[in-house]
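Worksheet: one structure, shown below.
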Amino acid sequence: MPVRVPINGDTLAWARNVLGIDQEVLAKAAGVKPKRLAAFENGEAQPTYNQATALAKRLDRPLAFLFVPPPKKSDVPETLDFRGRLLGDLPEQLNREIRRAEDHRSALLDLESLERTPELEHVTKTNAEARAAEFRETLGLNPTFVPPSGNSSQIFNFWRGLLEGHGYLIFQTTGIDLEVFKGLSIEHDRLPIIIVNGGDANNSKIFTLFHEVSHIANRTSGVCLLDDDVREEEVANKFAANCLMPREQVERLVTSNLGALTEPELVAAHFKVSLLASAIRLRTLDRLSEDELAMIKSETAEAWQEFRKAQISGSS
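For any residue, its number in my numbering is found by taking its place in the sequence shown, counting from 1, and adding 20.
Have a look at this one:
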């Protein structure tokens with residue numbers, strides 16, 4: 021007869037709820053029926069060692085965690101929201117990545133004494149350009165700076181490394197649809213967290229990094245789609261666009277354009293950003309209409325989906 025292990029049912033239920041996992045999904049991971057899992061949670065039954073191990077693995081916890089009383093508060097930040105969107109709870113995998121990021125941050129704080137992340141004053145629609153210029157100064161960038169040449173992965177890693185060198189913790193996660201999130205941030209005085217969707221294009225992730233910096237400055241932790249229809253998102257988009265593409269440099273570039281490239285293509289190539297990011301910047305400078313911006317949004321989304329399909333097909 022299999023040996024039963026005395027897990028704490030309240031802890032099992034707590035860990036499941038923190039990640040937002042349905043009883044049916046967790047029960048399947050342990051090879052039991054949902055009714056049996058409910059019995060584990062209310063203390064009417066105990067799992068076998070193998071079942072407990074499977075439960076802990078699915079919950080992303082050490083087995084020993086299930087033997088002690090549940091924590092008094094969630095280790096997934098409760099301040100997160102889907103900024104302006106009524107989409108309910110966060111996806112399980114995103115909850116998991118948030119918790120891992122917080123665990124990593126806690127470990128770093130325990131290992132060394134860290135300075136506060138350089139403070140960026142509150143960002144608004146009217147001061148986003150000035151705040152972006154201040155932040156570029158903080159990063160040690162002169163007004164004409166553009167990242168060194170390289171492929172899109174190298175350029176993303178350049179910006180990521182620069183922000184990490186100034187006290188931001190940056191993570192990537194995969195397996196979550198871009199329609200769910202492009203990036204999120206969790207505000208802390210030391211080591212604020214940014215998580216970007218690893219399934220996104222590298223140039224797009226660069227824009228997301230600076231978008232999230234704005235949310236951290238404004239202490240508005242949350243999950244982003246970079247949707248201009250939400251006021252906070254519009255402000256963050258404007259800040260990111262100004263960080264990556266300073267007004268004076270963009271205007272000088274487009275007014276001297278005598279080549280075959282369109283203005284969005286020219287700006288994207290020069291500043292090494294996505295076509296959509298360059299279009300957003302040009303829209304803020306009234307060099308692109310709302311209809312033109314909407315068209316580029318649609319075209320870039322379709323192009324990326326086709327690229328990802330081909331990429332997945334080629335690796336299978």
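Don't be surprised by glycine CBs; every beta carbon is placed ideally from N, CA and C.
Q: Could you tell me if Tyr188 is buried or exposed, where buried requires 16 or more neighbouring beta carbons within 10 angstroms of its beta carbon?
A: Buried, by the Cβ-count rule.
Q) Can you tell me where the alpha helix (DSSP H) with Phe230 in it begins and where it stops? A) Phe230 -> alpha helix (DSSP H) spans 222-237.
Q. Can you tell me the Cα-Cα spacing of Ala221 and Ala35, whole angstroms?
A. Taking the CA atoms as reference points, Ala221 sits about 33 angstroms from Ala35.
Q) Which class does Asn217 belong to by DSSP, given the choice of helix, strand or coil? A) Shown here, Asn217 sits in a strand according to DSSP, grouped into three states.
Q | Segments of 4+ residues assigned as alpha helix (DSSP H) that fall wholly inside the stretch 281-316 | A | Counting whole runs of 4 or more residues, the stretch 281-316 contains the alpha helix (DSSP H) stretches 283-291, 295-304.
Q.
Suppose the cutoff is 7 angstroms on Cβ atoms and the five residues either side in sequence are ignored; what does the same chain contact list for Glu283 look like?
A. Cβ within range, chain order: Val274, Asn277, Leu302, Arg307.
Q) By Cβ distance below 6 angstroms, which residues in the same chain neighbour His235 in space, the five residues on each side in sequence not counted? A) For His235, same chain residues with a beta-carbon under 6 angstroms away, outside a window of 5 residues either side, are Ser205, Ala256 in chain order.
Q) Taking the alpha carbon of Pro90 as the point to measure from, which residue in Thr31, Leu131, Glu64, Leu83 has its own alpha carbon closest? A) The shortest Cα separation from Pro90 among Thr31, Leu131, Glu64, Leu83 belongs to Thr31.
**Q.** Between the CA atoms of Gln66 and Asn217 - distance to the nearest angstrom
**A.** Counting only the Cα atoms, Gln66 lies some 38 angstroms from Asn217.
Q: Identify the continuous beta strand (DSSP E) that holds Thr193 and give its terminal residues.
A: Boundaries of the beta strand (DSSP E) around Thr193: 189-193.
Q | C-alpha gap between Ala33 and Gln113, whole angstroms | A | In this structure, the straight-line span from the alpha carbon of Ala33 to that of Gln113 is close to 17 angstroms.
Q. Given that a residue counts as buried once 16 or more other Cβ atoms are within 10 Å of its Cβ, and exposed if not, what is Ile214?
A. If you draw a 10 Å sphere on the C-beta of Ile214, you find 16 or more other C-beta atoms in it, and that means buried.
**Q.** C-alpha distance - Glu271 paired with Val287, whole-angstrom precision
**A.** Between the alpha carbons of Glu271 and Val287 lies a distance of about 10 angstroms.
Q.
Assuming Ser294 and Thr320 are in contact, meaning their beta carbons sit under 8 angstroms apart, how far apart are those beta carbons, in whole angstroms?
A. Contact between Ser294 and Thr320 holds: CB atoms are separated by about 7 angstroms, below the 8 angstroms threshold.
Q. Cβ of Ser94 within 6 angstroms of any heavy atom in the ligand NAD?
A. In the structure on display, the ligand NAD does not appear, and there are no ligands present to speak of.
Q: Note the first and the last residue of the continuous beta strand (DSSP E) segment covering Leu204.
A: 203-206 is the span of the beta strand (DSSP E), which, as asked, contains Leu204.
Q) Sorted by chain position, which residues of the same chain lie with C-beta nearer than 8 angstroms to Gly170's C-beta, five sequence neighbours on each side aside? A) Phe178.
(Q) Among Gly203, Val233, Asn70, Thr228, whose alpha-carbon lies nearest the alpha-carbon of Ile27? (A) If we check each option's Cα against that of Ile27, Asn70 comes out closest.
Q. With a CB to CB cut of under 6 angstroms and the five nearest residues on each side skipped, what residues in its chain are close to Val166?
A. Taking C-beta separations shorter than 6 angstroms and ignoring five residues to either side along the sequence, the partners of Val166 in its chain run Phe291, following chain order.
Q. Taking buried to mean at least 16 other C-beta atoms within 10 Å of its own C-beta, is Glu232 buried or exposed?
A. A residue is called buried when at least 16 other Cβ atoms come within 10 angstroms of its Cβ; Glu232 meets this threshold and is buried.
Q: Counting only the same chain and skipping the five closest in sequence on each side, list residues whose C-beta sits under 8 angstroms from that of Ser173.
A: Cβ within range, chain order: Asn222.
(Q) Please classify Leu128 as buried or exposed, where buried requires at least 16 neighbouring CB atoms within 10 angstroms. (A) Classification for Leu128: exposed.
Q. Does the Cβ of Asn62 have 16 or more other Cβ atoms within 10 Å, making it buried, or fewer, making it exposed?
A. Residue environment analysis places Asn62 among the exposed positions, since fewer than 16 neighbouring C-beta atoms fall within 10 angstroms of its C-beta.
Q: Could you pull out every residue in the same chain whose Cβ sits closer than 6 angstroms to the Cβ of Thr10, ignoring the five residues on either side in sequence?
A: This structure cannot speak to residue 10, because the chain is shown only from 21 to 336.
Q. Among the residues of its own chain, which have a CB less than 8 angstroms from the CB of Pro138, if the five just before and after it don't count?
A. If you ignore the 5 residues before and after Pro138, its C-beta comes within less than 8 angstroms of the C-beta of Thr158, His186, Gly187, all in its own chain and listed in chain order.
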